[in-house]
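**Q** This is the structure, below, for whatever I ask next.
Residue numbers (UniProt numbering): 1 to 396.
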């Protein structure tokens, strides 16, 4: 059996979205900025897709949703735009974020830090989130922007975005959220949350790769990241990816239709898989499931290196992921688990399982069987688990 449980990395394309985008890869190939009929025949579909995006996050008519290539671009645009507009001009000097942001935020902040920007990173608690009080403790009127993810890509933990945005505004700062792992999984209402900027990416909710967006409240001025033509009202230059935009609009509409199903079906399957993991000794799952997006598990399996588990699962046809990496001779541990205080041994044992509405009960039953087999096999050959001395806390 083939089982895909890496949906926080990317998702399959919604079949309806795929069908809608295909004509724009074929006979409707015109550039929407062209004045002739080949260009103009794309306009109705583009207008519909943008309407679907506005409706999907409850954006107002005077807000902007600007199409980008991905959320990484959207995140870079906000942070660098704020640098040019607020910090370089001397109005403000700090950007506040957290220790568990996606590298699209973390690496961009590191770049801005090299230019002299003061970056304040707020530590998360043992649940992997920050509270309004945590943010308030580091705020002052010198903060230009607060950037906090809506949901974490590894743990699935949901941050209190509405409360955090309110704190930022108390101190005269703008608020941005990377909502990549929230849009299409839980209700996202930009009016209720009162955020100034919000990034999302289509391939996280069953649209194709290579298309995302940035929400900008009340058309707030923001120096462009890309200069060139007058596309998207001059805010983001580059010929529009019509096929991707059409698919993203439909995928978001469909994802929002399935939000209740996401909570019931996907949440039930996630809980079944999580309960099976927790029935095994020395396995922990990060974060309270009641405050997680309904599809995500980040588990620590004592005595089992994350890459070894991925190897066994891949051999069984199961796709999953781990936060650690074999990109160098020094094995890197999961940074999220380190941020929430896991010791170095456990931080190397992370396994992330992320479901979608296309997963089935049979797939989860199969995965449970294969994970149990892999845990038994890998622990039997683990020098840190199977052969631990009697006094070791493993109890073996």
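The C-beta atom is built at its ideal place from N, Cα and C for all residues, glycine as well.
I'd like the span of the alpha helix (DSSP H) that includes residue 369, first residue to last.
**A** Residue 369 sits at position 369 when you count from the first residue of the chain shown. From DSSP, the alpha helix (DSSP H) with residue 369 extends over 361-380.
**Q** I'd like to confirm the pairing. Which residues does DSSP put opposite residue 350 in its beta bridges?
**A** Residue mapping note: residue 350 aligns to position 350 of the chain shown, counting from 1. Residue 350 pairs with 300.
**Q** So for residue 108, helix, strand or coil by DSSP?
**A** Here residue 108 refers to the residue found at position 108 of the chain shown. Looking at residue 108 - three-state DSSP - the assignment turns out to be helix.
**Q** Rounding to the nearest angstrom, what Cα-Cα distance links residue 39 and residue 255 in this structure?
**A** For the purposes of this step, residue 39 is taken as residue 39 along the chain shown, with counting starting at 1. For the purposes of this step, residue 255 is taken as residue 255 along the chain shown, with counting starting at 1. One C-alpha to the other measures close to 29 Å.
**Q** In the DSSP assignment, find the unbroken alpha helix (DSSP H) run with residue 143 in it and report its ends.
**A** Position 143 of the chain shown holds residue 143. No alpha helix (DSSP H) holds residue 143; the beta strand (DSSP E) holding it covers 143-147.
**Q** Helix, strand or coil for residue 38? Go by DSSP, reduced to three states.
**A** The residue you call residue 38 lines up with position 38 of the chain shown. Three-state result, residue 38: helix.
**Q** For residue 195, which of helix, strand or coil comes out of DSSP?
**A** Translated into the one-based positions of the chain shown, residue 195 becomes position 195. Of the three classes helix, strand and coil, the one that applies to residue 195 here is coil, per DSSP.
**Q** State the Cα-Cα distance for the pair residue 219 and residue 234, rounded to the nearest angstrom.
**A** As a first step, residue 219 is located in the chain shown; it is residue number 219 there, counting from the start. As a first step, residue 234 is located in the chain shown; it is residue number 234 there, counting from the start. Taking the straight line from one Cα to the other gives about 12 Å.
**Q** In whole angstroms, what separates the C-alpha of residue 365 from that of residue 270?
**A** Position 365 of the chain shown holds residue 365. Position 270 of the chain shown holds residue 270. Those two C-alpha atoms are separated by around 11 Å.
**Q** Just the C-alpha distance for residue 399 and residue 231, rounded to the nearest angstrom, thanks.
**A** It is not possible to answer for residue 399, since the shown part of the chain is limited to 1 through 396.
**Q** Do you know how far the Cα of residue 26 is from the Cα of residue 19?
**A** Mapped onto the chain shown, residue 19 falls at position 19. Mapped onto the chain shown, residue 26 falls at position 26. Computed Cα separation, rounded: 12 Å.
**Q** What residue range is occupied by the uninterrupted alpha helix (DSSP H) comprising residue 257?
**A** Here residue 257 is taken as the residue at index 257 of the chain shown, counted from 1. 242-257 is the span of the alpha helix (DSSP H), which, as asked, contains residue 257.
**Q** Measuring alpha carbon to alpha carbon, tell me which residue in 72, 115, 114 and 147 is nearest residue 121.
**A** For the purposes of this step, residue 121 is taken as the residue at position 121 of the chain shown. The residue with the shortest Cα to Cα distance from residue 121 is 147.
**Q** At a threshold of 7 Å, does residue 288 count as lining the ligand FMN (C-beta to nearest heavy atom)?
**A** Judged by which ligands are present, the structure shown has none, so any question about the ligand FMN falls away.
**Q** Could you check if residue 115 is buried or exposed, using at least 16 other CB atoms within 10 Å of its CB as the buried criterion?
**A** On the chain shown, position 115 is the one that residue 115 refers to. Residue 115 comes out exposed.
**Q** With H, G and I counted as helix, E and B as strand and the rest as coil, what does DSSP make of residue 118?
**A** Looking up residue 118 in the chain shown gives position 118. In the structure shown, residue 118 sits in a strand (DSSP, three-state: E or B).
**Q** Who are the near neighbours of residue 287 in its chain, counting only those whose CB is closer than 6 Å to its CB and skipping five residues on each side?
**A** As a first step, residue 287 is located in the chain shown; it is residue number 287 there, counting from the start. Once the five neighbours on either side are set aside, the close Cβ partners of residue 287 are 127, 128, 155 and 157.
**Q** Could you work out which residue in 138, 374 and 296 is closest to residue 315 when comparing CA atoms only?
**A** Counted from its first residue, the chain shown places residue 315 at position 315. For residue 315, the nearest C-alpha among the options comes from 374.
**Q** Taking only runs of the alpha helix (DSSP H) that begin and end inside the stretch 59-114, which ones reach a length of at least 4 residues, in chain order?
**A** Entirely contained in the stretch 59-114, the alpha helix (DSSP H) runs reaching 4 residues are, in chain order, 71-82 and 103-114.
**Q** Does the beta-carbon of residue 324 have 16 or more other beta-carbons within 10 angstroms, so that it is buried, or is it exposed?
**A** Stepping through the chain shown from its first residue, residue 324 is reached at position 324. Caution applies to residue 324, whose pLDDT of 38 falls short of 50 and renders its modelled position unreliable; the model cannot decide the point.
**Q** Out of 197, 273, 124 and 130, point me to the one whose CA is closest to residue 57's CA.
**A** Within the chain shown, numbered from 1, the residue matching residue 57 stands at position 57. The shortest Cα separation from residue 57 among 197, 273, 124 and 130 belongs to 197.
**Q** In whole angstroms, what separates the C-alpha of residue 298 from that of residue 282?
**A** Residue mapping note: residue 298 aligns to position 298 of the chain shown, counting from 1. Residue mapping note: residue 282 aligns to position 282 of the chain shown, counting from 1. Cα to Cα, the separation comes out at about 14 Å.
**Q** Compare the beta carbon distance of residue 173 and residue 145 with 8 Å and say whether it is the shorter of the two.
**A** Here residue 173 corresponds to residue number 173 of the chain shown, with the count starting at 1. Here residue 145 corresponds to residue number 145 of the chain shown, with the count starting at 1. Cβ distance < 8 Å, so residue 173 and residue 145 count as in contact.
**Q** With DSSP collapsed to three states, give me the class of residue 290.
**A** Within the chain shown, the letter at position 290 stands for residue 290. Note: residue 290 maps to helix in three-state DSSP.
**Q** Buried or exposed for residue 7, going by 16 or more other Cβ atoms inside 10 Å?
**A** The residue labelled residue 7 in the question sits at position 7 within the chain shown. So residue 7 ends up on the buried side.
**Q** Pull up the distance between the alpha-carbon of residue 160 and that of residue 67, whole angstroms please.
**A** Stepping through the chain shown from its first residue, residue 160 is reached at position 160. Stepping through the chain shown from its first residue, residue 67 is reached at position 67. Cα to Cα, residue 160 sits roughly 26 Å from residue 67.
**Q** Check the DSSP bridge columns for residue 231 and list the partner residues they point to.
**A** As a first step, residue 231 must be located in the chain shown, where it is residue number 231. Note: residue 231 sits in no beta bridge, so no partner.
**Q** Would you mind stating whether residue 206 and residue 11 have Cβ atoms separated by less than 8 Å?
**A** Residue numbering aside, residue 206 sits at position 206 when the chain shown is read from its first letter. Residue numbering aside, residue 11 sits at position 11 when the chain shown is read from its first letter. Contact flag set, yes.
**Q** Please confirm whether residue 93 and residue 141 have their CB atoms less than 8 Å apart.
**A** Locating residue 93 in the chain shown gives position 93, where the first residue counts as 1. Locating residue 141 in the chain shown gives position 141, where the first residue counts as 1. Cβ atoms of residue 93 and residue 141: not closer than 8 Å.
**Q** Which residue marks the beginning of the alpha helix (DSSP H) containing residue 174, and which one marks its end?
**A** Taking the chain shown and counting its residues from 1, one reaches residue 174 at position 174. Element bounds for residue 174: not the alpha helix (DSSP H) but the beta strand (DSSP E), 174-178.
**Q** Within 8 Å, do at least three Cβ pairs link the stretch 47-63 to the stretch 30-37?
**A** Contact between the stretch 30-37 and the stretch 47-63 is absent, because fewer than three Cβ pairs lie under 8 Å.
**Q** If contacts are defined as beta-carbon pairs under 8 Å, then residue 201 and residue 339 qualify, I think. What distance do you get, rounded to the angstrom?
**A** Walking along the chain shown from the start, residue 201 turns up at place 201. Walking along the chain shown from the start, residue 339 turns up at place 339. 23 Å between Cβ atoms; not a contact.
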